[in-house]
Amino acid sequence: MNAEREKLIAAIKSFERTSEGEEFLGKEVYRSVKSANRKTVTFLKSQLKTLELAISKLVRSDEDLNAKQELLRSIPGVGEIGTLYLLLTTKGFLRFRNARKYACYCGIAPFGRTSGTSIRGKSRVSPFADKKMKSILHLLSLTAIMYDHELKLYYERKQAEGKPKMLALNNVKFKLVNRIFAVIERGTPYVKTQQFAA
């Protein structure tokens, strides 16, 4: 289902790029193409909505997946689409043993470049990562920074330490993945620990 959703999203983006051919087509032909593409986009969006509803219904019908989705939604910055992708890519959190392994899969856990006892350059993330999930975690992290004061302070602190914005944001992604796995492992909703701080 996830693969079908991705195909629909790619098709919508493709048909929305009508303007790219404007200068090569006559005005009349361009208007005709634009109109046809607009109708196609409308249809594809309705298909996407139907598919997303079917995925949501499937999750809700499974007691375990539904419970896990509710736990995930308790984390600031993690909405319904984010929870669906997390459930799909982790196979209901049965595919990965811990947050670190999932972070590696998503390409947000850096690996040191070493040979024997020598260090050979900066740490790099795996080029074989799930780029789609990495981009989703990017969006979730940006949202989390806006709505979670603790993560916002953490992000600002990393920047104050001299880390570039993208690296600081990657740190936020990793922290978010740790939170995600923590609530699933505990089986209890996320609690803002900062509110209990003296």
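In terms of the UniProt record's numbering, the sequence shown opens at residue 1 and continues consecutively.
Every residue, glycine too, gets a C-beta built ideally from N, C-alpha and C.
These figures come from a predicted structure and were not determined experimentally.
Which listed residue (the options) has its alpha carbon closest to that of residue i
i	options	result
Arg-179	Val-41, Leu-71 and Tyr-155	Leu-71
Val-59	Asn-98, Ile-9, Arg-17 and Lys-91	Lys-91
Ala-144	Pro-76, Cys-104 and Thr-89	Pro-76
Ala-103	Val-172, Lys-27, Arg-17 and Glu-6	Val-172
Lys-49	Asp-148, Leu-169 and Glu-4	Glu-4
Glu-52	Gly-187, Thr-42 and Glu-6	Glu-6
Val-191	Ile-55, His-149 and Leu-44	His-149
Asn-37	Gly-187, Arg-17 and Ala-54	Arg-17
Thr-40	Glu-156, Ala-10 and Gly-79	Ala-10
Cβ-Cβ separation, residue j to residue i (assumed contact under 8 angstroms), whole Å
i	j	result
Pro-189	Ser-14	So it is not a contact: roughly 40 angstroms between Cβ atoms.
Leu-87	Leu-65	6 angstroms
Ile-81	Lys-45	Incorrect: roughly 15 angstroms between the Cβ atoms, too far for contact.
Thr-89	Asp-130	6 angstroms
Leu-137	Ile-108	6 angstroms
Endpoints, the alpha helix (DSSP H) within which residue i is located
i	result
Ser-141	131–147
Tyr-102	99–106
Gly-82	80–89
Lys-49	27–61
Glu-161	It is not in any alpha helix (DSSP H) - Glu-161 carries neither H nor E in the DSSP assignment.
Lys-7	2–15
Burial state of residue i (16 or more Cβ within 10 Å)
i	result
Ala-197	Confidence in Ala-197 is poor, its pLDDT being 45 and thus under 50, which makes the residue's placement too unreliable to answer from.
Met-133	buried
Arg-97	exposed
Ser-141	buried
Gly-26	exposed
Thr-83	buried
Lys-158	buried
Lys-175	buried
Ala-99	buried
Lys-68	buried
Ala-168	buried
Tyr-147	exposed
Phe-43	exposed
Val-29	exposed
Leu-151	buried
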